[in-house]
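Position one of the sequence shown corresponds to residue 0 (numbering that gives the first Met the number 0), numbered consecutively onward.
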Amino acid sequence: MSDKPDKDRIIDAEVEPLGGKRGRSAKSALLLVAAVIVSIGVAVGWHFWSSGKLDTMVAGKTATQATIAVPQSAPASAPAAASASMPDAALLARQDEQEKRLAALTASLERLQQLPAANAGTDPALLQKLAELEQQMASLRQAQESNAAQRNALQTQLADLQARFTALSEARLNALREPLLQLIAFSEAREQARRGSTFAREATLLGTYAEAQGGALKAAFAGLQPFAERRIPPVAVLAARFPSLAEQQRVMPGSETAAAAEKPWWQRAVDRLTGLVSIRRVGSIDSASVEGRLEAAEAALRDGDLAAAVVALDGMTLIPALQDWRDQAQARLDLDAALDAHGVALRSHLAIH
């Protein structure tokens, strides 16, 4: 072992200074006092900052420093003064902006309040228009109420009409329908008679109605009823049959003399020979002679005058065929007259009732 002492040996030991406990107590007290002072400073600073006094103090201090500053230190203090005045300028700008907005709102409110009065004083046409609009609105309300009342009234009237229509009796419906049936039946009867056919079915309808109504209509049907089941030739058929019958009348022996039996034998022979040949006289014809009457009847038929043809044959001694023709022609005239009389009576009755 070497006797030389080891200089590099490390000794691990704790050294406690004198009075250690007393030093730690003082340090704790100082820390507590510092914390209280910092808290008070923070509270005071917050108070001044929130109330705006801090900005005022900073601005005043900056102005004072700028006044007493030495020229050599001015460039160094300029940034501090600029930084200190920035919060004050922002606050003033914000206050100015708020004041401008408040002034604008106040002016707008005043204009809105003054607008109706100005319009009322300077534009009477607008007031009149407003009054007219109010009157129109009132009129529309009244019209709506009136329309509702009218609608209710119309509905009531409609219900009443429906009830009255439903209450019509079968007799009333027959009374409305019967005149039309009578006109149709009479028209059918006339058409059947014109063609020379019977009209018994139509006569039954006409007779039932005439019997129920009585008066002139009943009397008119009494003249028509006998022809209901008779077939009377039309005027055209009668006119077509007449020429041949007239020729037979002309060649009838003794038609020109009243006493053919008293003639001598040679005269009767001449009459028989002349009867074989028909000779018609040309020129003026004696209307009193048989030939003259036959000619007059033919001329009347050509003109469609059946009544004149019948009159032309009055007082003549006619052959049986021509006499039958004359009776049919007279029946046609009587039928047409009866139809006319019944038609007049029916129309007069329906016009009255």
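Note that beta-carbon positions come from the ideal geometry of N, C-alpha and C, so glycine has one too. No experiment lies behind these values; they were computed from the predicted model shown.
Where residue i falls: helix, strand or coil (DSSP)
i: VAL32; result: helix
i: THR316; result: coil
i: SER38; result: helix
i: ALA166; result: coil
i: GLY195; result: coil
i: SER288; result: coil
i: ILE357; result: Because the chain in this structure spans residues 0 to 352, residue 357 falls outside the shown range and cannot be described.
i: PRO263; result: coil
i: GLY222; result: helix
i: ASP302; result: coil
i: VAL343; result: helix
i: MET251; result: coil
i: GLY206; result: helix
i: GLY213; result: coil
Separation of residue j from residue i, as counted between CA atoms
i: GLN224; j: GLN327; result: 17 Å
i: ALA92; j: VAL37; result: 33 Å
i: GLN143; j: LEU182; result: 51 Å
i: ALA188; j: GLU177; result: 16 Å
i: SER196; j: ARG301; result: 24 Å
i: VAL236; j: GLN161; result: 57 Å
i: PRO232; j: ARG249; result: 24 Å
i: GLN134; j: LEU101; result: 41 Å
i: ALA147; j: GLN154; result: 11 Å
i: LEU205; j: ARG163; result: 31 Å
i: ARG150; j: ALA103; result: 57 Å
i: ALA81; j: ARG110; result: Residue placement at ALA81 is flagged as unreliable, the pLDDT there being 43, under the threshold of 50; the coordinate-derived value follows with that caveat. Near 43 Å, if we compare the C-alpha coordinates of ARG110 and ALA81.
i: SER353; j: ASP339; result: It is not possible to answer for residue 353, since the shown part of the chain is limited to 0 through 352.
i: ALA79; j: THR105; result: At ALA79, the pLDDT of 42 sits below 50, so the modelled position is not reliable and the matter cannot be decided from this model.
i: ALA320; j: TYR208; result: 39 Å
CB of residue i within 7 Å of CB of residue j, strictly
i: LEU317; j: PHE226; result: no
i: HIS341; j: PHE220; result: yes
i: ALA311; j: ALA295; result: yes
i: VAL309; j: GLN329; result: yes
i: GLU201; j: ALA174; result: no
Cβ-based neighbour list, residue i, same chain, cut-off 8 Å, excluding 5 preceding and 5 following
i: GLY214; result: HIS348
i: ARG194; result: PRO233
i: VAL343; result: ALA219
Contacting residues, own chain, Cβ-Cβ under 7 Å from residue i (five flanking each side not counted)
i: GLU210; result: LYS217
i: VAL41; result: none
i: LEU345; result: GLN181, PHE185 and LEU216
i: PRO242; result: GLU297
beta-carbon residue i near the ligand COA non-hydrogen atom, thresh 6 Å
i: ALA158; result: With respect to the ligand COA, the structure shown offers nothing to examine, as it has no ligands at all.
Selection from the options that minimises the alpha carbon distance to residue i
i: GLY314; options: ALA320, ASP304 and ARG325; result: ARG325
i: GLU290; options: LEU332, GLN247, ALA137 and GLY303; result: GLN247
Contacts around residue i, its chain only, beta-carbon distance under 6 Å, and the 5 residues preceding and following it disregarded
i: ALA336; result: none
i: ALA245; result: LEU293
Within-7 Å CB hit, residue i to chain D
i: ALA235; result: No chain D appears in the structure shown, which is made up of a single protein chain.
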